[in-house]
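Chains A and Z supply the protein sequences, listed in that same order. Residues 3 to 643, numbered by our numbering, are exactly what the first sequence covers, in order. Residues 3 to 643, numbered by our numbering, are exactly what the second sequence covers, in order. Don't be surprised by glycine CBs; every beta carbon is placed ideally from N, CA and C. So the structure is just underneath, and the comments pick up after that.
Protein chains: 2
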Amino acid sequence: MFKVTFQFESGEPTIAYAVEGENLLEVARKTNVAIDAPCSGNASCGKCRVRLVSGELDSKKTRHITDEEYEAGWRLACVSKVIDDVTVEVPDIASAYRSRMKVADLSSRDEIAIFQQAKQGIESAGIVMQNNMGIVHLTMDAPTLDDTMPDNERFTWAMEAATGLDKVRIPYSVLRKLPDVLREGEFTVTCIVRKTKRDVFVYDIFPGEDEPVIGGLAVDIGTTTVSAILINMLSGEIIAKASAGNGQIRYGADVINRIIESQKPGGKRLLQKAVIEETINPMIAHMCHTSGFDSHRIYRMSVASNTTMNHLLMGINADPLRMEPYIPAFFKTNSLYASDIGIQIHPDSHIIVAPNIGSYVGGDITAGTLVSLLWNKPEFSLFIDLGTNGELVFGNNEFMVSCACSAGPAFEGGDISCGMRATDGAIEACKIDKETMEPSYNVIGDPGTKPIGLCGSGLIDVISELFKAGMISPKGKFIREGRRIRHDEYGMGSYVLAFQEEAGSVKDVEITEVDIDNFIRAKGAIFSAIRTMLKYLDFDISMIEEVYVAGGIGSGINMANAVSIGMFPDIPLEKFHYIGNSSLAGAYSMLLSGDAERKTYELARNMTYLELSTVPSYMDEFVACCFLPHTDSSLFPSLEL
Amino acid sequence: MFKVTFQFESGEPTIAYAVEGENLLEVARKTNVAIDAPCSGNASCGKCRVRLVSGELDSKKTRHITDEEYEAGWRLACVSKVIDDVTVEVPDIASAYRSRMKVADLSSRDEIAIFQQAKQGIESAGIVMQNNMGIVHLTMDAPTLDDTMPDNERFTWAMEAATGLDKVRIPYSVLRKLPDVLREGEFTVTCIVRKTKRDVFVYDIFPGEDEPVIGGLAVDIGTTTVSAILINMLSGEIIAKASAGNGQIRYGADVINRIIESQKPGGKRLLQKAVIEETINPMIAHMCHTSGFDSHRIYRMSVASNTTMNHLLMGINADPLRMEPYIPAFFKTNSLYASDIGIQIHPDSHIIVAPNIGSYVGGDITAGTLVSLLWNKPEFSLFIDLGTNGELVFGNNEFMVSCACSAGPAFEGGDISCGMRATDGAIEACKIDKETMEPSYNVIGDPGTKPIGLCGSGLIDVISELFKAGMISPKGKFIREGRRIRHDEYGMGSYVLAFQEEAGSVKDVEITEVDIDNFIRAKGAIFSAIRTMLKYLDFDISMIEEVYVAGGIGSGINMANAVSIGMFPDIPLEKFHYIGNSSLAGAYSMLLSGDAERKTYELARNMTYLELSTVPSYMDEFVACCFLPHTDSSLFPSLEL
C-alpha cells in the first residue's frame, strides 16, 4: 500500500492509502476528496488537474497538460496510477463544481422574491395556493374502569367528531407513540393531518395544545446544482434556503455520462447515494440547523428535476432514456415516500414529483412552465431553461410545444477550462477595453474576492466583449495580439482574464479557443432549437411576444450580450425576463398548492413534445448557428455588423 | 475485565468479558448465552442455575440452592457477580424454555390436520376461504420511436385493460424495477396483485409468463412459544411449519414481567428485537430454507397473539395494560406493514393483526374462537386456551362471554423446578404404579430420548397419578415414603421421576411440593374461572355441551386426569376436544380468507369481556379450588372419592 496525501489551497490535508497501480481519481473518490470529473474520468475534459508535490505517479500525457505544466508537476488524476508514496495538491478549481453548500441569507429580499412572485402570479391565474395539510386539536375523556375504550379507538372517535370524516387513517408511526402522547398530554393532543373528501390521515401527534409549524421541502435537482427551500406549509413562508453542487458531478457532468456510470455494478446505488446522502440530506440538515427546525416536522416534499435526475434519485434504471427508442420509466408517479429513498424528513412524507413529458424534457420544465404562466396568456411566449441542457417551451393559453437541445454544460461552466458554477470566485460579468484589451469584471462573493473561474453569465460577457473588440473572429479564433493573448505550442490561442498573481487560484484564469468553440456550440444549440421549433410551428421569431429565461446561468446575465453572440433572438431587449430558478419556484408552488400540483399534471398532459433530431433541418440550422453571431447576419439586424 | 467462559452440555464454549461486579445473568444476556430467567432475574424462580467449574463468583445464597448443591458449585446466575476469571457450566435445563427452533416434518399428517380441519370447519359455517391476492399476466407492445409511452403508463394501461379496474397502484418497490423487468420479459410480465372493488395494488412483477406461488405467513406469538406456518395464498396449502421459544423469555416468563422489562431504558426495542430479530425472522429463514422458498415472495402475514405480545411486537408502550384502568393501545389496527417492524418478508406486506378485546384477552383468543366455531352453533360450548395464561370463552351463536385468569406459566412448564415446554426431552405422559410407586413415562423426541423435564400434560399426569396412588394429600403434600420420595432440610417433599443416571440432564428430574402447589393454583385458577363465569351467567356446569381445549399444554393431554385433579369440570369425557394451537389455526384462516378476517373482527366486537376480579365470589371460588380435586367433592361425582 502507498500513502497518498491530498493537499488543498486551504484546510488540512487528507491521507489515503492505495494499492500499486490504483487510479488516483478513484482513490480521491473513495476518500471523499472532491475532484471534478465531468467527463467521468476518460481524460477528455481536463478538469481533474492536480499538481504532484512529491513522489512519483505513472501518468499518461494528454493534450490538457503542456510540457511546461507537466514539468511543474501538473497531472490529470484520471490517467494517473499510484506507484509510490505521493503528495498531490488539489487546486480549488478542481472542485469548483462541488463548491460548498450555501445557506441563503433570507434577510436579502432577492432570495425570496422569486417565490413570492411565483405565488402571486399563479394566484392571479385563479389557482388557490393552499394544500390539504392541517392541524387538529383534540381533547378526549381520560379512560376509567368504567370507560376502558382503547387509545386507538378513543382517538379515532375524537378525530371523527372533530373533522366530520368517518375514515381516520392512523399509520404505525402514530399508533406506536399514541399511548405515550395521550398520557403525556392528559388526553389533549395536537395532530398534524392531511384531509381529503374521503378521509383524514394522521401524520403526527404531540401532547397538549400547540400550534406547530408544518414543514415542507421543495427541491430542484439540477444536473449540476441542487437547490432547496424549507417552507411553512400553511403560510407558504420560506423558512430557509440552500444550494449545493450535485454530488453526482464526480460521475460525469452531463446526464449521458451519469447514466453510463449508473450502469456499472452498484452504479445506481452510488448515484442515488451521491444525490441523496451526500447532497440533499446535508442540505436539509443545514437548513434545519440554521433555522432551528426539526427535520422530522417536514411532512411533505416536492421535487422538480430533469427526467434523468428523477430516475437516478429514485434508483430507477435510466438506461432506456439514452437508448433508442428513449423511454422513461414514468411521466407521472404518486408512489414515492421519503422512507423509500432515505430522505431525512418525516418517513411518511409523500414526495410530489413534477411530471416528465419526455426523456429529455422533465419535471424541471413542467414545474418551470407552471411558473412562467405561459399557459395563462394569449400572447405567444418562449420559456428557455438554461441548465446543463437547454429546454424550450413555446406557446400560449391554447397550445404548448416543448423541446430539448443538448447544449451541454457550458452555461454552468462545464466543458470550459476555467468554467465553474455561479458561486464564490466566479467572474459573472465582464467588460474588455477595446483599446487596451484589459478586462474589468465582477466576481461573485464578498468584496475583494479574487477570481478563480468563469460562470455562464461571465462567459457570455467575455465572448461578447472579445468579439465586439475585434479580438476574435466569427469563428472564435483570436485575431489580435497583446499581453493577455497567448498561443500554445499547437497554436491554440487564449485570453488571460487574471494572471495567477491576480487570481484566487494557483493558475491563470483564462479562456481558450477550445472554450470559445465549446460555448459557441452551446449557444448555437439553443438558437438553432428556437429557430427549428418556430419554423416547425410556422412561426417567425418576430412573433415571440415575451421570453422567460430561467436557470443556473446566473442572475447577472446580460441579455444584450447574449443577443450579440447569437444565443437569443434579436428582438427588443425589454421582452426578455430573467425569472431565476423557475424549477424550484414550480416545486414550491406544487408543494404549497394541490391546485397547482394538479395544474402541472394537466400542463404536462397537454404539452406536445417535439423531438428535434427528427426534424431534418435541425442539423443544418445548428451548423449555421456555430458562428458569432450567425452565418446569416440578417437574423440580427440590430447588431449593425 | 474478567474472562467468563460458559460451557454447555454439548457444543463449543462461549467466551465473554465482564467488568468487576457485573451480574452474571446480564453477561450471559449480552453474549447471547441462553439462560432462562422467567422471574426476570430477581432470584424467585430458581431457573437460572449454573455450575461454577473454576474461579470465584460473589453469589448470594437462596432457597433454590441447598448447601450440598452450593458445595458442588451450583449458583443462581441472577444473584452472582463476576469478581474473577470464571468458567461456568450452563445445563440444558437452564435453557429448556429457549429450546431450539423446530421445523416440522409435514409428511406427518398430524402437523397439518389442524389447519385442514379449521378450513373445512369455517367453510362449513358459510365463510368463503379465499383472499384478494392473485396473479395477473400482461403482454404489452414494446415501445418504438412512434410509440414512446413510458413504462409506468404503458403498464398501467395494460393492467386496467386486464382487470377492468381503473385505479392501479404501483408502489415504489415495483416502479423501481419496472424498466428492467419489462425489458427482461420482452414486455410480457407476471404480476402479484391485490384486487379490491376499487383498485388493484401491484405487489411485485416478474419477467415472462410464470405461475409463482404467492406466499403467506401466519404466526402465533405465545408468551412462551412462537409457531408459524408458510402457506400458499391461493391454494391454502401449508408449505412449511416451525416453532421456537419466544426470545423474550429471558426478560421474564409472564406478560407482567415482560412489560416491566420493557419500561427500562431501551426496553421496548429490546423486547421487540427479541421476538422479531431473534425469533420470527430466524423461523422465516428456516422455513424458507427448508422449503426452498424466497422469503421476499411472502406478501401477507397474519399474527395472533395476546394483547401484551402484540403491543411488544409493535414496540408500543404496554405499560397501560398492567396499570389501572388497564387500557390497550388498540383493539384493532390495519396500519401495520412488514417494513414497519422489520419482518423479513416482502416489505410492502400487510400484517393482519387478530383483534384484541381486552387487556388480557387478545387476538390469540379471538382467532381461536373463530376456529372453535362456538359462534356457529346453538349448543353452549366452552373454549379454553391454556397458554401462559388461561383464557375462556363461553357461549353459542347468540352470545359469547370471555374472561382471563392468571393461571401463570405452569401449563407450559413455568414456575415448576423441572418444568419445560412440550418439546424434546419433556415427559408428556406418565403412569405411577400404586404398589411400587415406580413411574413409567413417554418422553417427547426420538425413541430412547432421556427425560430432562416435565411439560404441562406430563405434570397433569404425574400429579393425578401421585394423588390416585395416595402418595400426596388433597393439599399436595407427600404422605407416603419410598426410594423416590425425598425431603430436604426444610422438610419439603419431592418425587424423583428420573435419577440423574436415568435422566438426560445433569440433575435429577423431580417434582417438588412447591411445584405441585404451583400447579394446583394454576388448575384452580382455570376451574374457578369456569365456575365464576358460568355462575355469573346463571349457568350450571352440566349445561356445557362441548369443551374445546387449545394451547401449548401438549397434544398428550389426558382429559380424565385433568378432570381427576379438578382442573376441568366433571362432565362426560367425550365432550372434551383437544383442538391444538387454535390461535395459529385462526391466524391461518384470517390470512387465507378476507371473509374469515372480517368475521373475526365481528366476533371481537360482539364478544363480552368479563373482568373476573370485579366478581366478588371469584376469590372464594379460587381458594376452594386449590385442593385435589376440590374442597367440594360433590362437584366431581364421577371420581368416587
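Annotation for residue 43(Z): 27 and 80 place their beta carbon closer than 6 Å to its own, counting only its chain and skipping 5 residues before and after. Rounded to whole angstroms, residue 594(Z) and residue 617(Z) show a C-alpha spacing of 39 Å. Counting only runs of 4 or more residues that sit fully inside the stretch 353-430 of chain Z, the alpha helix (DSSP H) segments are 365-374, in chain order. Rounded to whole angstroms, residue 212(A) and residue 521(Z) show a C-alpha spacing of 54 Å.
Under the three-state reduction of DSSP output, residue 112(Z) falls in the helix class.
Counting C-beta pairs closer than 8 Å gives three or more between the stretch 318-330 of chain Z and the stretch 178-197 of chain A, which meets the contact rule. Around the C-beta of residue 481(Z), fewer than 16 other C-beta atoms lie within 10 Å, and the residue is accordingly described as exposed. One Cα belongs to residue 117(Z), the other to residue 597(A), and the distance between them is close to 52 Å.
When only Cα atoms are considered, residue 563(Z) and residue 445(Z) end up about 18 Å apart.
Distances from the CA of residue 229(Z) to each of 382(Z), 584(Z), 131(Z) and 635(Z) were compared; the closest alpha carbon is that of 584(Z). In terms of beta-carbon proximity, residue 329(Z) lines the interface with chain A, with at least one pair separated by less than 8 Å. Not flagged as an interface residue toward chain A: residue 206(Z), since no C-beta distance is shorter than 8 Å. Under DSSP, residue 60(A) takes part in a beta bridge, and its partners are 83(A).
Between the stretch 357-368 of chain A and the stretch 301-321 of chain A, the count of Cβ pairs shorter than 8 Å is three or higher; the stretches touch. At a cut-off of 8 Å, the C-beta of residue 419(A) has no neighbouring C-beta in chain Z.
One thing to note: residue 459(Z) has its Cβ within 8 Å of the Cβ of residue 558(Z). Interface annotation for the stretch 163-181 of chain Z against chain A: 171, 172, 173, 174, 175, 176, 177, 178, 179, 180 and 181, criterion Cβ-Cβ distance under 9 Å. When secondary structure is reduced to three states using DSSP, residue 290(Z) falls in the helix class. Judged by DSSP secondary structure, residue 139(A) falls outside any alpha helix (DSSP H) and instead within the beta strand (DSSP E) spanning 135-141. Short of 7 Å from the beta carbon of residue 531(Z), and not among the five residues preceding or following it, lie these beta carbons of its own chain, in chain order: 392, 394, 405, 407 and 614. Counting other Cβ atoms within 10 Å of its Cβ, residue 14(A) stays below 16 and is therefore classed as exposed. At a beta-carbon threshold of 9 Å, the residues of chain A lying near residue 150(Z) are 327, 328, 329, 330, 360, 361, 611 and 613, ordered along the chain.
Counting C-beta atoms within 10 angstroms of its own C-beta, residue 66(A) has 16 or more neighbours from the protein chains shown and is therefore classed as buried.
What residue 393(A) touches in chain Z, judged by beta-carbon distance under 9 Å, is nothing: the nearest beta carbon there is about 17 Å away. In this structure, 385(Z) is the residue among 385(Z), 345(Z) and 64(Z) with its C-alpha nearest to the C-alpha of residue 363(Z).
For residue 265(Z), the secondary structure class from DSSP, reduced to helix, strand or coil, is coil. Contact between residue 51(A) and residue 75(A) does not hold, since the beta-carbon distance rounds to 10 Å and is not under 8 Å. Following the DSSP letters along the chain, one finds residue 513(Z) inside the beta strand (DSSP E) bounded by residues 511-514. Around the CB of residue 133(Z), 16 or more other CB atoms lie within 10 Å, so the residue is classed as buried. Within the stretch 266-293 of chain A, contact with chain Z at the beta-carbon level (separation under 7 Å) is assigned to no residue. Residues of chain A whose Cβ lies closer than 7 Å to the Cβ of residue 93(Z) do not exist, since the nearest Cβ in that chain is about 39 Å away. Among the residues of chain Z, those whose CB is under 7 Å from the CB of residue 317(A) are 178, following chain order.
One thing to note: residue 105(Z) has its Cβ no nearer than 8 Å to the Cβ of residue 303(Z).
Collapsing the DSSP output to three states places residue 303(A) in a strand. Residue pairing for residue 91(Z): DSSP places it in a beta bridge opposite 9(Z) and 53(Z).
Residue 245(Z) and residue 227(Z) have their alpha carbons spaced roughly 7 Å apart.
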